[in-house]
Each structure stands twice: as structure tokens, then as C-alpha cells.
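**Q** Take any residue in the sequence shown, count from 1 to its spot, add 176: that is its number in our numbering. There's a structure below that I have some questions on.
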Amino acid sequence: MLQVKMMRDFTGISIEMENSKLLIIKAEKGIIGCGFISIDAAEKFGEAVAVISGVSSIEEMLEKPVVKVSEKARELGIKEGMSGKEALEKMRHSL
């Protein structure tokens with residue numbers, strides 16, 4: 177099942193898989209995603225991506241800490257340890 181959740185300036189996407197979920201929240205300048213998301217792929221394509229692991233819902237992604245960051249996300253001021261919500265704000269407001 178696919179669920180889309182509109183949140184202010186962000187779009188949350190949850191895809192139910194057989195044994196888990198794929199979770200992504202899209203901001204204007206990048207995404208935060210669950211452990212399924214590959215930082216290597218983000219680097220290859222020059223995308224701003226922050227990974228948050230151990231989550232099972234869009235809401236959890238906002239509260240849990242970022243564990244991996246692409247170089248493009250780092251340029252926006254996103255760092256390991258900040259909350260998903262903080263990372264999204266940087267993807268929304270950074271110049």
C-alpha cells in the first residue's frame with residue numbers, strides 16, 4: 177500500500193512492503209529517508225539526502241536523529257545527530 181501525507185512544505189511517502197516500509201519525506205531541496213535509501217546513489221546523482229534508520233512511520237522520521245548525510249545535504253548545513261525535522265527545515269530554507 178502507498179500512503180502520501182502532505183505536511184506544510186513537505187510530502188511524506190510511505191510504501192508498505194512485504195516485511196517492512198520504505199519511508200521518504202520530500203522537501204524542496206532534498207529528502208530524508210529510511211535505511212533503504214542509499215547515500216552512495218545520492219552522491220552519484222548529486223542529491224541532498226539524509227538517512228534516518230530504525231523508523232516505522234513518517235512521524236518517527238521527524239523526531240529521530242539523522243545517521244548518514246550526502247555531501248550535498250552537508251552543504252545545506254545538515255549534520256548527523258540532528259532531528260529529521262531540523263534536516264527538513266534546512267532543505268527548505270537554505271540558499
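By construction, the Cβ of each residue, glycine as well, lies at the ideal position given by its N, Cα and C atoms.
Helix, strand or coil for residue 252? Go by DSSP, reduced to three states.
**A** In the structure shown, residue 252 sits in coil (DSSP, three-state: anything other than H, G, I, E or B).
**Q** DSSP on residue 213, reduced to helix/strand/coil?
**A** Reduced to three states, the DSSP call for residue 213 is coil.
**Q** From what residue to what residue does the beta strand (DSSP E) around residue 191 run?
**A** Per DSSP, residue 191 belongs to the beta strand (DSSP E) from 186-192.
**Q** Quick one: residues in its chain with C-beta nearer than 7 Å to the C-beta of residue 209, no 5 flanking neighbours on either side, listed in chain order?
**A** Excluding sequence neighbours, residue 209 sits near 199, 200, 225, 227.
**Q** Excluding the 5 residues flanking residue 180 on each side, which residues of the same chain have their C-beta closer than 6 Å to its C-beta?
**A** Cβ within range, chain order: 189.
**Q** Please report the distance separating the alpha-carbon of residue 264 from that of residue 203.
**A** Between residue 264 and residue 203, the C-alpha separation is close to 6 Å.
**Q** Below 8 Å on the Cβ atoms is my guess for residue 146 versus residue 229; work out the distance and round it to an integer in Å.
**A** Only positions 177 to 271 of the chain appear in the structure, and residue 146 is not among them; the question remains open.
**Q** Once DSSP output is grouped into helix, strand and coil, what is the label at residue 266?
**A** Helix at residue 266.
**Q** With DSSP as the reference, label residue 182 as helix, strand or coil.
**A** Looking at residue 182 - three-state DSSP - the assignment turns out to be strand.
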